[in-house]
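Undergrad: Just remember that my numbering sits 673 ahead of the position in the sequence shown, which is counted from 1.
Beta carbons: idealized from backbone N, C-alpha and C, even for Gly.
All values reported here derive from a predicted model rather than from experimental measurement.
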Amino acid sequence: MKLSIFYVYEKQNKPEKLLQNQKLSSDRIQVLPIKGHLTETGQKQVLDHLPEAEGEYLTVLYEGDRLQAGWLDQACEKLEQSNMAFVMPYIFPQFELKNKCEYFRTESRENREIDIRENQLVFPLELHGLVLRTEQVQKTWRECDLETEKEKQLVYELLKNQPIFYYMGEAELKYLVPREQDFFNCISVLQREWYYDSFEKGILPLLEREAENGEVNMFLQCMTLHMVELRLCANTNNRNKHVISEEEVPEYYRLLKKVLDYVTVETILKNESAMLKVAQKMRMFVVRLKAGRENYYPDVKGSADNIQMMFEGILFADIENLSVRIELINYENGNLEIDGNINDFIADAQGMVYARFDNHCIPVIYNGRYALQKCFGVSYYRNKTFHVSVPVPDSEKIRSLTFGMKADDHEYELQMDFPMQTSRFSKALNAGYWRFGKYISYWKDNQICVEKYTWIKMVKKELHMWKQMYCKTNGMFRDQLPLRMLNFLCQPYFSRKKIWLFFDKIYKGGDSSEYLYKYALGQKDGITKYYLLDESCPDYKRMRTEGYKPIKRGSLIHRLAFLNADIIVASNSTIFAFNNYEGRKSEPIRGLIHSDTACVQHGMSIQKIALAQQRLRDNTRLYFCASKYEIENLSKPVYDYEGYDALKLTGVPRYDGLKDRKEKVLLFSPTWRMNSVLPAYHGESYARDYNPNFKETSYYKVYNGLLNDPQLLEAARKYGYRIQYVLHPLISPQYEDFTQNDLVEIIPSTGEMSYEKLFCEAALMVTDFSGVQFDFAYMRKPVVYLHHEDIPQHYEEGTFHYKTMGFGEICHTNQELIDILCRYMEHNCEMPEEYRAHADDFFYYSDHHNCERIYQEMIKYQNRKEKR
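(1) Helix, strand or coil for A1238, going by three-state DSSP, please let me know.
(2) For chain D, check one thing: does any of its Cβ atoms lie closer than 9 angstroms to the Cβ of H1060?
(3) Going along the chain, which residues of its own chain have a beta-carbon closer than 8 angstroms to the beta-carbon of V1051, five neighbours each way excluded?
(4) Going by CA-CA distance only, name the one from R1453, C1272, Q1286 and A1271 that's closest to R1334.
(5) Bridge partners for V1048 per DSSP, in chain order?
(6) Alpha carbons only, please: which of Y1053, E883, M948 and M891 is nearest the one belonging to R966?
(7) So what does DSSP say about H1033, is it helix, strand or coil?
(8) To the nearest angstrom, how far is the alpha carbon of G1544 from that of Q767?
(9) Report yes if the CB atom of I789 is closer than 9 angstroms to the CB atom of F892, and no otherwise.
(10) With a threshold of 8 angstroms, are at least 3 pairs of Cβ atoms found where one atom belongs to the region 1263 to 1281 and the other to the region 1296 to 1305?
(11) To the nearest angstrom, report how far apart W1128 and F1076 are at their CA atoms.
(12) If you draw a straight line from the alpha carbon of R1263 to that of Q1088, how long is it in whole angstroms?
(13) Quick one: using the 10 Å Cβ neighbour count with 16 as the cut-off for buried, is T714 buried or exposed?
(14) Going along the chain, which unbroken runs of the beta strand (DSSP E) with 3 or more residues stay wholly within the region 1318 to 1401?
(15) Who are the Cβ neighbours of E1462 in its own chain at under 6 angstroms, not counting the five residues just before and after it?
(16) Could you pull out every residue in the same chain whose Cβ sits closer than 7 angstroms to the Cβ of P1211, ignoring the five residues on either side in sequence?
(17) Consult DSSP for Y1296 and reduce its assignment to one of helix, strand or coil.
(18) Can G1182 and L1159 be called in contact, C-beta distance under 9 angstroms?
(19) Give the DSSP-derived three-state secondary structure of T897 in the structure shown.
(20) Consider the C-beta atom of Y1085 and the heavy atoms of the ligand ZN; say whether any pair is separated by less than 8 angstroms.
(21) Which same chain residues, not among the five before or five after K696, have their C-beta less than 7 angstroms away from its C-beta?
(22) Need the endpoints of the beta strand (DSSP E) that M841 sits in, please.
(23) For the region 851 to 869 and the region 1360 to 1377, state whether three or more C-beta atom pairs, one from each stretch, are separated by less than 8 angstroms.
(24) Can you name the start and end residues of the alpha helix (DSSP H) that L731 belongs to?
(25) Under 9 angstroms, do R1346 and L1265 count as touching if we go by C-beta distance?
(26) Return helix, strand or coil for K1540, following the three-state DSSP convention.
(27) Tell me whether the region 1008 to 1020 and the region 1058 to 1069 touch, counting them as touching only if at least three CB pairs, one residue from each stretch, are closer than 8 angstroms.
(28) Cα separation between R1217 and D1021?
(29) Following the continuous beta strand (DSSP E) through R806, name the residue where it begins and the one where it ends.
(30) Is there contact between the region 1409 to 1416 and the region 1513 to 1520, where contact requires at least three CB pairs shorter than 8 angstroms?
(31) Any chance you could list the beta strand (DSSP E) runs of at least 3 consecutive residues sitting entirely within the region 1118 to 1143, in chain order?
(32) How should G1330 be labelled, buried or exposed, when 16 other C-beta atoms within 10 angstroms of its C-beta is the threshold for buried?
(33) By alpha-carbon positions, which one of E902, R927, E1470 and K943 ends up nearest to E873?
(34) Please report the straight-line C-alpha distance between G975 and E993, rounded to a whole angstrom.
(35) For the region 791 to 800 against the region 877 to 888, are there 3 or more C-beta pairs whose distance is under 8 angstroms?
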């Protein structure tokens, strides 16, 4: 027998389909099927069954794997011809790789021998996909003694004994079951053991033992560093799984420091392994963790043409890593108003950044705008954000804008980057231009050039842009060329029109933008108004039936309306993404956009939401609020609205439709959790995919258990109540996971479902932190909060404090909630005076004239915009 195959499966217990393109005959293989949960058995049960392998070689495969034809036979032949530890293919997932890092790929993917002592470009962390010598594996396995991470110890010991393996980069293994590197999908990242036991009972004892015997070898250092970086990267910013609370973070960082004590700064900064490719700011963070110094900056050494930044004599960054990122440029009152940021790799005292225009030097002004990088919900790094006002006096000559830095008695020109949709320019399409006032501007040779506008100049630049877009082999540029050409030809028409473009989620209407659109459409002001929806969305048909004419997402009129709008009215942030201009897709049209954004809010802005709602996110120039507490929150420096006259206390449009028609219905409407949904693979303007791990989350277990609780159902029957559970739009794909009964209706936020109807007809709402609580409280109907002790919270209090300002009782367990609901049902679900007073204090208006007030503010802004 030649090859033993451990085949891990959940449903299909035979690997015939998996092996059908392999050359090994059935008499030459031993299949050892292992049934169980794929994410657990791969590391546990397979190891326990290793002694059962009888073939000369062994491998571990999973249900859903796809192998390149003949790969197993080729790997066995390679081991027969050499004394190498094992053969490893190029391993990558079948699903979309959201973290953009192909961990198991060398740059050229060539077949090659790898000596792990000298080269850590790629290395395995588990047996899956490897072809190994059975005798050596079984012998080494008997010597593995760690409580956890035994599989990593096994791989380490194998390579310690024989440090050379064969990487067959031309052979592919495509896997379906997420590995720990796939932290967007892998369920392991939701378990505390992955964060603590992997180090405390696994790698740390191994490191301590190896250190006693001498220096920890480079492979073990790289494996350790990879494990640390995985746990950090899996919980940065919106990826936070909330497994480790903010209060636990300092202690957890001390654990990571213990581990990093065995990893050198040189390994952190210089290793080029595909397994260790992380952002530079993350490398800096790891160095700071190792040093135990939160504000640890590199030493700076300047020369005539470069700046070097070094930790412990190891190069960390140079002048190329200090580019100025231009995030937004506007032209107002004769000035270019520029917002940007730069890496915080040099302490303020060591370097000064300035803009230079027409030989005038203007220091940038640093501000407190949100630019944080967070890990486990706690800030670990912040880019330096700045604003600079550049006067543009009248002139016939061509002038240029550059950025520079003074540091270590030298001056350096800084490169410019344009990372945002609102950056106006693109390096990839340097033929682009932006017209403002009497001028036309463009990027050339690391300068923003400004010259007087003439029609001939614009035509020449437009033709140059067409040529450059056509010559680009990247489809997202060439494919947009017909639209750009048509838009240019239509400018005599659009230049005479004023356009407001309204949208909510696009895949669903019925939110604030729709309410305001309907009101504004009835006003005779000469402004063309469009409301945007997916044609397949039920709300599209509904609005057509009501006599309105929403435009279809992706239609020609949609594309042209977006490019020529004066004001974009949106209830959700990331307006470019909602219009299918995610990331670099926006580069061909950045200089054409002249719209400003008016935010009419999906929820209330009373929590810490600067990441999504700061001014620069969408060039937001009007932000309509319902409460003084929203104004207080949004006036903080992190949002950067102060001084822009953007915040307006008018009310929220959809509140105009909230009129109490109470029936005997308990409405459950919690918000979502980041660890309960899959990432936005198709973009923020599309519904999320089904999450196969959802039923493993505490979120599901708590709410599904609550909806089927015998005591709650008995009380509902006794008092004549029904229960409706409204799934958040991001949770709606999990509709069929919930258990329904005769009293409970599960309602996904899709199709013809109407929030307004549900809110108006319900008698009481149960929520956690969802913004829908404010819709309910606006009608002065009771709200009860479930801040469950078992569900990770991703709400950060801003200016709304639940204990002192909330509209109802706060519960922390299902039983506590059930007892309160029974009491409310017994007394006809009346809102207590205490909470009614809270609602009276919170809402500035309680009428149904919100759209009217907002419309008047928008007209004022439109008039000011035309005079600029």
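TA: According to the structure shown:
(1) coil
(2) The question asks about chain D, but that chain is absent: this structure has only one protein chain.
(3) E919 and V922
(4) R1453
(5) Before going further, note that residue 1048 is Cys rather than Val in the sequence given. Its beta-bridge partners are T909 and V1051.
(6) Y1053
(7) strand
(8) Any answer about residue 1544 is impossible in this case: the structure gives the chain only from 674 up to 1541.
(9) yes
(10) yes
(11) 29 angstroms
(12) Our two residues, R1263 and Q1088, have alpha carbons roughly 20 angstroms apart in a direct line.
(13) Note on T714: pLDDT 48, under 50, position unreliable in the model; no value is reported.
(14) 1320 to 1322, 1338 to 1341 and 1395 to 1399
(15) H1485
(16) If we look at P1211 and ignore the five residues flanking it on each side, its Cβ neighbours are G1424 and E1425.
(17) Here Y1296 sits in strand by DSSP.
(18) no
(19) helix
(20) With respect to small molecules bound, the structure shown includes none, and the ligand ZN cannot be examined in it.
(21) G743 and D746
(22) I837 to Y848
(23) yes
(24) First-last for L731: Y730 to Y735, but that is the beta strand (DSSP E), not the alpha helix (DSSP H).
(25) no
(26) helix
(27) yes
(28) 58 angstroms
(29) V804 to R806
(30) no
(31) Runs found: 1120 to 1125.
(32) Answer is buried; the Cβ neighbour count reaches 16.
(33) In this structure, R927 is the residue among E902, R927, E1470 and K943 with its C-alpha nearest to the C-alpha of E873.
(34) 13 angstroms
(35) no
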